[in-house]
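A.B. asks:
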Amino acid sequence: MTDILLGLVWALVKAVGLVFVIILPMVSYTVYAERRVSAMIQDRLGPNRVGPMGLLQPIADAVKLLLKEDFTPASVNKFYYWLAPACAMAPSLMALAVIPFGSNLFGLPMVVANVDVGVLWVFAVSSLGVYGIVLAGWSSNSKYPFLGGIRSSSQMISYELSLGLSVIPIFLICGTLNLPNIVKYQIENGWLISPIWLKGISLTGINFPLLVSSIFSVDALVKILLWVPLFISFVVFMVSMFAETNRLPFDLPESETELVGGYHTEYSSMKFALFFLGEYAAMITGSAVIVTLFFGAWHVPFLPNDPSQFPWLGDLVLGIIHIAAFFIKVAILLFFFIWVRWTLPRFRYDQLMRLGWYFFFEIALANILLVAIILAFAPK
Amino acid sequence: MAYTVSRSKLTFGEKLYLPAVLAGLKITINHLIKVLTGKTKVTMQYPEERWDTHLPEHYRGAPTLVTDEHGRERCVACQLCEFICPPRAITIKPGEIKDGDRWRKVEKFPQEFEIDMIRCIYCGLCEEVCPEQAIFLRKDYAITGLTRAEMVHKKDRLYELGGVMTGLVFKWNEKK
Chain P
1 MTDILLGLVW ALVKAVGLVF VIILPMVSYT VYAERRVSAM IQDRLGPNRV
51 GPMGLLQPIA DAVKLLLKED FTPASVNKFY YWLAPACAMA PSLMALAVIP
101 FGSNLFGLPM VVANVDVGVL WVFAVSSLGV YGIVLAGWSS NSKYPFLGGI
151 RSSSQMISYE LSLGLSVIPI FLICGTLNLP NIVKYQIENG WLISPIWLKG
201 ISLTGINFPL LVSSIFSVDA LVKILLWVPL FISFVVFMVS MFAETNRLPF
251 DLPESETELV GGYHTEYSSM KFALFFLGEY AAMITGSAVI VTLFFGAWHV
301 PFLPNDPSQF PWLGDLVLGI IHIAAFFIKV AILLFFFIWV RWTLPRFRYD
351 QLMRLGWYFF FEIALANILL VAIILAFAPK
Chain R
381 MAYTVSRSKL TFGEKLYLPA VLAGLKITIN HLIKVLTGKT KVTMQYPEER
431 WDTHLPEHYR GAPTLVTDEH GRERCVACQL CEFICPPRAI TIKPGEIKDG
481 DRWRKVEKFP QEFEIDMIRC IYCGLCEEVC PEQAIFLRKD YAITGLTRAE
531 MVHKKDRLYE LGGVMTGLVF KWNEKK
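Taken in sequence, the protein lines are chains P and R.
Mapping the first sequence onto this note's numbering, position 326 (from 1) lands on 326, and the numbers just tick up by one.
Mapping the second sequence onto this note's numbering, position 152 (from 1) lands on 532, and the numbers just tick up by one.
(1) Give the DSSP-derived three-state secondary structure of L344/P in the structure shown.
(2) Near W357/P, what residues of its chain come up, given a Cβ to Cβ distance below 7 Å and the 5 sequence neighbours on each side ignored?
(3) Can you check whether the C-beta of I41/P is within less than 8 Å of a C-beta belonging to chain R?
(4) Are the beta-carbon atoms of I464/R and L505/R separated by less than 8 Å?
(5) Residue range of the beta strand (DSSP E) that G475/R falls in?
(6) Taking a cut of 9 Å between CB atoms, which residues from the segment 32 to 63 of chain P lie near chain R?
(7) Using a 10 Å radius around the Cβ and a threshold of 16 neighbouring Cβ atoms, would you call I290/P buried or exposed?
(8) If L163/P sits next to F237/P, beta carbons under 8 Å apart, how far is it from one beta carbon to the other, in whole angstroms?
(9) Could one say the Cβ of L344/P lies closer than 8 Å to chain R's Cβ atoms, at least one of them?
(10) In chain order, what residues of the same chain have a beta carbon less than 7 Å from the beta carbon of N141/P, not counting five sequence neighbours either side?
(11) Once the 5 residues before and after G475/R are set aside, which same chain residues still bring their CB inside 8 Å of it?
(12) Taking only beta-carbon atoms, is V401/R less than 8 Å away from chain P?
(13) What would DSSP say about H411/R, mapped onto helix, strand or coil?
(14) Between L128/P and P91/P, how many whole angstroms is the CB-CB distance? I'm expecting something under 8 Å.
(15) Between which residues of its own chain and V167/P is the CB-CB distance below 8 Å, once the five residues before and five after are set aside?
(16) Quick one: does L405/R have its CB under 8 Å from some CB of chain P?
(17) Could you tell me the alpha carbon to alpha carbon distance between Y439/R and R468/R, rounded to whole angstroms?
(18) Scan the segment 24 to 61 of chain P and note each continuous beta strand (DSSP E) run of 3 residues or more that stays entirely inside, going in chain order.
(19) Which whole-angstrom value describes the C-beta separation of D43/P and V415/R, a residue pair presumed to lie in contact below a C-beta threshold of 8 Å?
(20) Verify whether the separation of the beta carbon atoms of W191/P and F326/P is less than 8 Å.
(21) How long is the line joining the alpha carbons of P345/P and M241/P, rounded to whole angstroms?
(22) Kindly list the residues whose CB is nearer than 7 Å to the CB of H251/P, restricted to its own chain and excluding five residues on each side of it in sequence; keep chain order.
(23) Run down chain R in chain order and give the residues with a C-beta less than 7 Å from the C-beta of W298/P.
(24) Pop quiz: A522/R and R454/R are said to be a contact at Cβ under 8 Å. What is the actual Cβ separation, rounded to whole angstroms?
(25) For N104/P, list the residues DSSP reports as bridge partners.
(26) Tell me where the beta strand (DSSP E) around L517/R begins and ends.
(27) Which word fits G542/R, buried or exposed, when buried means at least 16 other C-beta atoms lie within 10 angstroms of its C-beta?
(28) Residues of chain R with CB closer than 9 Å to the CB of W191/P, please, in chain order.
(29) Just to make sure I have the definition right: I need the residues of chain P whose C-beta is within less than 9 Å of the C-beta of L390/R. Which are they?
(30) Pull up the distance between the alpha-carbon of D116/P and that of F123/P, whole angstroms please.
(31) Does the beta-carbon of W121/P have 16 or more other beta-carbons within 10 angstroms, so that it is buried, or is it exposed?
(32) If you draw a straight line from the alpha carbon of V539/R to that of G525/R, how long is it in whole angstroms?
(33) So, with DSSP's three-state summary, where would you put L352/P?
(34) As a quick exercise: from G148/P, L334/P and Y267/P, pick the residue whose alpha carbon is nearest that of T257/P.
(35) Enumerated in chain order, which unbroken segments of the alpha helix (DSSP H) with a length of 4 residues or greater are wholly contained in the segment 154 to 201 of chain P?
(36) Please identify, using Cβ separations under 8 Å, the residues of the segment 337 to 364 of chain P that lie next to chain R, in order along the chain.
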């Protein structure tokens, strides 16, 4: 009984720590980064007034949004109107529960819920995010939010398919859905973005026989063959993730030029902020999933994961390095999200649907077949 | 008759779309790097950097009153500026110069001269219409205040901003 309670307490500590200490500040600073990076891409400077280099801008934004009038239009369906912002924010945070964001800290594995369904949970929960948008569009009782909601639901359903199918090769290769186990596989066999891994090189020295045997082997050949479908699956997954998080070039649900503000047109104050932050939280979750599946999660190349190999580097320091590595990788991906946003124009709606149903769906299916064939003929 | 737009045939590489995406990404990252390394000229950072030294001679800033080299206020309270002012920002209360004053023959002076800087549109008509070269638009552009009363420039403030202006036509020469 006490074991269960203790486990519950630790899970709570990890969840609260992850969400309130890491993710929420990260969300607000992603907004700041978005503004600064977009400004610099457009040859401007962006917000640089509040605090040194504008670093306190997110706090000023939060205060502003909290102090604004929280206006509820008379024509809305009150219950769903109030429910929608929570539905938009919560799923992206919930999906983080299964992400292994670090190795071990104080002997505890740094994942809130080490469950075997792993990635299925991420897909199941993150696709709930569409309800927030649909409810917002519907309950607002207004044309533009309604169109935004409709667009969003059809877009998310379309891209959910290719998103789910594009990661099946990974499960074929790793043989597990459990995210920590996928990370373990990547540590042993190389990140899935480039499974050609040179074994035997680490900061402590080079183990030549192991290195040579890892280059000249059937295993290495299979990995080079697998690199092609894995790269395809990475591209499909990445693009689908853009569509899933409603980021440009797929931000049709809130395309300002056509739909005023899209699904959140009728929202103000903190309710609007929840949609806004929910979008960025979804971005972080998406990046975290990509990092976990393709970039080896918290793994730092050439750094031994076992503290006993590296005595002068304490257990605690190593754990912190791994957590930092994970979030640095996430930050790089977030930068990529922002970078793409300020590069590409928005798709037309028929182009978006064509891309999803005619290309990505088929590519993802063919990719599964390709991986299955390679694995079937590869020696065990 | 429908007009057919001719579409160019795309090669396979172009249809893939990804090379074009990468080319676009390259352009945007170059812009980012240029701003970060300071190669791009960005907007002047206003309160720290000002363009005061670059202001042209004909700059139309806040309207002010000037005194001449004899220390005499040039305004004779003819009220032409008050009448021409499009937003009616100027209010003048004329007064008579007392007997025995050195400048008695000028006859009038402004007892009160107010310019409401909330109303002023910096058009410069007051400067153009003034027969005495008494009112000038100077280079002060950051006219701010916390209250409406503060934004009404009284006579002393107008002279403070205007200062002394020499080399103007001296109509009221004592020898004449």
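Note that the Cβ used here is the ideal one computed from N, Cα and C, for glycine as well.
Quantities reported herein were computed from a predicted structural model and do not represent experimental measurements.
C.D. replies: Put simply:
(1) The residue you call residue 344/P lines up with position 344 of the first sequence. L344/P: coil per DSSP, three-state reduction.
(2) Indexing the first sequence from 1 puts residue 357/P at position 357. For W357/P, where only same-chain residues beyond five positions count, the Cβ hits under 7 Å are S158.
(3) Stepping through the first sequence from its first residue, residue 41/P is reached at position 41. Taking Cβ atoms only, chain R reaches closer than 8 Å to I41/P, which makes this a yes.
(4) On the second sequence, residue 464/R is found 84 positions in, with the first residue counted as 1. On the second sequence, residue 505/R is found 125 positions in, with the first residue counted as 1. Cβ distance < 8 Å, so I464/R and L505/R count as in contact.
(5) For the purposes of this step, residue 475/R is identified with residue 95 of the second sequence, where counting begins at 1. Looking at the DSSP string, the run of the beta strand (DSSP E) that includes G475/R is I470 to E476.
(6) V37, A39, M40, I41, Q42, D43, R44, L45 and N48
(7) Residue 290/P sits at position 290 when you count from the first residue of the first sequence. Classification of I290/P: buried, given that the 10 Å Cβ count is 16 or more.
(8) Counting from 1 along the first sequence, the entry for residue 163/P is found at position 163. Counting from 1 along the first sequence, the entry for residue 237/P is found at position 237. So it is a contact: roughly 6 Å between Cβ atoms.
(9) For the purposes of this step, residue 344/P is identified with residue 344 of the first sequence, where counting begins at 1. It does; some Cβ of chain R falls within 8 Å.
(10) Taking the first residue of the first sequence as 1, we reach residue 141/P at position 141. Contacts found: S75, V76 and N77.
(11) The residue labelled residue 475/R in the question sits at position 95 within the second sequence. Correct list, in chain order: A457, K488, F489, P490 and Q491.
(12) Within the second sequence, numbered from 1, the residue matching residue 401/R stands at position 21. With 8 Å as the cut-off, V401/R counts as an interface residue toward chain P.
(13) By one-based count along the second sequence, residue 411/R stands at place 31. If DSSP states are grouped into helix, strand and coil, H411/R belongs with the helices.
(14) As a first step, residue 128/P is located in the first sequence; it is residue number 128 there, counting from the start. As a first step, residue 91/P is located in the first sequence; it is residue number 91 there, counting from the start. Contact holds; Cβ gap of about 4 Å.
(15) Locating residue 167/P in the first sequence gives position 167, where the first residue counts as 1. For V167/P, where only same-chain residues beyond five positions count, the Cβ hits under 8 Å are V119, S233, F237 and L293.
(16) Stepping through the second sequence from its first residue, residue 405/R is reached at position 25. Yes, contact with chain P.
(17) Looking up residue 439/R in the second sequence gives position 59. Looking up residue 468/R in the second sequence gives position 88. Going by the C-alpha atoms only, they are around 21 Å apart.
(18) none
(19) Within the first sequence, residue 43/P is the residue found at index 43, counting from 1. Within the second sequence, residue 415/R is the residue found at index 35, counting from 1. Between V415/R and D43/P the Cβ distance is about 6 Å, and since that is below 8 Å, they are a contact.
(20) Here residue 191/P refers to the residue found at position 191 when the first sequence is read from its first residue. Here residue 326/P refers to the residue found at position 326 when the first sequence is read from its first residue. For W191/P and F326/P, no; Cβs fall outside 8 Å.
(21) Here residue 345/P refers to the residue found at position 345 of the first sequence. Here residue 241/P refers to the residue found at position 241 of the first sequence. Distance between the alpha carbons of P345/P and M241/P: 17 Å.
(22) In the first sequence, the residue the question calls residue 251/P occupies position 251. In the sequence as presented, His is not what sits at residue 251/P; that position holds Asp. Result list for D251/P: R346, in chain order.
(23) Your numbering for residue 298/P matches position 298 in the first sequence. Near W298/P there are no residues of chain R at all, since even the closest Cβ is about 27 Å away, more than 7 Å.
(24) Taking the first residue of the second sequence as position 1, residue 522/R is located at position 142. Taking the first residue of the second sequence as position 1, residue 454/R is located at position 74. With a Cβ gap of about 25 Å, A522/R and R454/R do not count as contacting.
(25) What you label residue 104/P is simply residue 104 of the first sequence in a count that begins at 1. Partner(s): P109/P.
(26) The residue you call residue 517/R lines up with position 137 of the second sequence. In the DSSP assignment, L517/R falls within the beta strand (DSSP E) that extends over I515 to L517.
(27) Residue 542/R sits at position 162 when you count from the first residue of the second sequence. Taking all protein chains shown into account, G542/R has 16 or more neighbouring C-beta atoms within 10 Å of its C-beta and is therefore buried.
(28) Walking along the first sequence from the start, residue 191/P turns up at place 191. Under the 9 Å cutoff, chain R gives no residues; its nearest Cβ is about 21 Å from W191/P.
(29) Sequence index remark: in the second sequence, residue 390/R carries index 10 (1-based). Residues of chain P passing the Cβ test: none, with the nearest at roughly 14 Å.
(30) Position 116 of the first sequence holds residue 116/P. Position 123 of the first sequence holds residue 123/P. About 14 Å.
(31) As a working note, residue 121/P is residue 121 in the first sequence. Label assigned to W121/P: buried.
(32) For the purposes of this step, residue 539/R is taken as residue 159 along the second sequence, with counting starting at 1. For the purposes of this step, residue 525/R is taken as residue 145 along the second sequence, with counting starting at 1. The question names Val, but residue 539/R in the sequence shown is Tyr. The straight-line gap from Cα to Cα measures roughly 18 Å.
(33) Indexing the first sequence from 1 puts residue 352/P at position 352. It is helical.
(34) For the purposes of this step, residue 257/P is taken as the residue at position 257 of the first sequence. Cα-wise, what sits closest to T257/P is G148/P.
(35) 168 to 174 and 179 to 189
(36) W339, V340, W342, T343 and L344
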